[in-house]
Amino acid sequence: MRGKTFIISGPSGVGKSTVLQALLERRKDLYFSVSATTRPCRPGETDGVHYHFLDVDTFRAWIAKNEFLEYAEYVGNFYGTPKRYVDEAMDQGRDVILDIEVQGAIQVTGQRPETVTIFIAPPSWTELERRLTERGTDSAEKIQKRLLRAKVEFQTAHTYDYFVINDTVENAVRELEAILTAEHCKPQERMAIINGQ
Ligand code: ADP
Ligand code: 5GP
């Protein structure tokens with residue numbers, strides 16, 4: 062059985078990376094799609110693990126070679142999902158998680174409507190600003206840009222299949238696990254198993 066693709070979108074600083082790390086520790090079978098980006102590497106990030114850090118020319122070359130399932134510009138940098146690894150993991154029967162912003166999500170669901178989309182929101186805007194500030198990786202100006210972008214992205218949240226509030230990491234991970242499980246309980250998939258397809 063081919064794996065499914067799950068998109069996680071949500072404001073910068075809401076805790077997507079934190080929650081996904083905890084989820085991946087519990088569900089070792091999941092494949093996290095490592096994106097390419099032109100943004101600088103943050104302290105604590107490793108090339109090839111958190112992102113493939115590329116310069117703009119190399120990113121453009123990957124676009125020209127049709128390497129991306131989707132790509133988008135976000136607050137002054139490019140981000141994109143390399144297609145090959147996603148398809149390889151799905152062919153191996155693994156579920157794939159994409160941590161991508163809203164424009165990328167629209168591109169992927171346009172090509173692959175069966176993709177499951179999940180929006181992660183903070184418990185409040187004040188808490189989002191606190192998390193962005195406490196993370197300490199962005200200048201005050203970048204934080205304001207990310208907050209503005211977050212409010213625009215929030216307007217699209219109703220188009221997602223699921224909505225998770227990251228109040229505590231534990232709650233958010235539990236809900237994500239429930240979503241993954243539910244998506245594998247659809248009649249089409251279960252009947253195919255029984256029919257040996
Ligand atoms: P994102 O990947 O969405 O940009 P991060 O995972 O980098 O966000 O989290 C941003 C900051 O918020 C980090 O400092 C992280 O430790 C903190 N954080 C994440 N989830 C929670 C939570 N549920 N409660 C409190 N702080 C959190
Ligand atoms: P950050 O710079 O905080 O790591 O990520 C900024 C935003 O880019 C987040 O909303 C994240 O989901 C998004 N992002 C990360 N990788 C990709 C990608 O491959 N494609 C798209 N479209 N967005 C991405």
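Residue numbering for the sequence shown follows the working numbering, starting at 62 and increasing by one per position. All residues carry an ideal CB built from backbone N, CA and C; glycine is no exception. These numbers come from a predicted model, not from an experiment.
(request) Could you please give me the residues that DSSP links to T98 through a beta bridge? (result) F114, Y140
(request) Kindly provide the ranges of any alpha helix (DSSP H) runs that are 4 or more residues long and lie completely inside the segment 179-204, ordered along the chain. (result) 186-196
(message) Using 8 Å as the cut-off, can you tell me whether the segment 217-230 makes contact with the segment 175-183, which would need three or more C-beta pairs spanning the two stretches below that distance?
(response) yes
(request) Return the chain-ordered list of same chain residues with a C-beta closer than 7 Å to the C-beta of D108, the five sequence neighbours on each side being excluded. (result) Non-local C-beta neighbours of D108 in its own chain, meaning closer than 7 Å and more than five positions away in sequence, comprise C102, F114, ordered along the chain.
(message) Given this structure, state the Cα-to-Cα distance separating E238 from L84, to the nearest angstrom.
(response) 8 Å
(request) Counting only runs of 3+ residues fully inside the segment 201-255, write out the beta strand (DSSP E) ranges in chain order. (result) DSSP runs (the beta strand (DSSP E)) wholly in the segment 201-255: 223-226.
(request) Measure the C-alpha to C-alpha separation of Y223 and T178 and round it to an integer number of angstroms. (result) Going by C-alpha positions, Y223 is about 6 Å away from T178.
(request) Determine the closest residue to Y146 out of E162, E190, S94, with distance taken between C-alpha atoms. (result) S94
(message) Quick check on the burial criterion: 16 or more other C-beta atoms within 10 angstroms. Buried or exposed for A150?
(response) buried
(request) Take the Cβ of K212 as the centre, count every other Cβ of all protein chains shown within 10 Å, and call the residue buried at 16 or more, exposed below. (result) exposed
(message) Please report the straight-line C-alpha distance between T217 and I69, rounded to a whole angstrom.
(response) 13 Å
(message) Need the endpoints of the alpha helix (DSSP H) that T79 sits in, please.
(response) 77-87
(request) Mind the definition here: the segment 149-165 touches the segment 197-206 only if three or more C-beta pairs lie below 8 Å; say whether that holds. (result) no
(message) Here's a check: name, in chain order, each residue in its chain whose Cβ is nearer than 8 Å to the Cβ of T170, leaving out the five neighbours to either side.
(response) Contacts found: I68, T176, T178.
(request) Report buried or exposed for D160, applying the criterion of at least 16 other Cβ atoms within 10 angstroms of its Cβ. (result) Answer is buried; the Cβ neighbour count reaches 16.
(message) Are there any heavy atoms of the ligand MG lying less than 7 Å away from the beta-carbon of I124, as far as the coordinates show?
(response) In the structure on display, the ligand MG does not appear, and the ligands it does have are the ligand ADP and the ligand 5GP.
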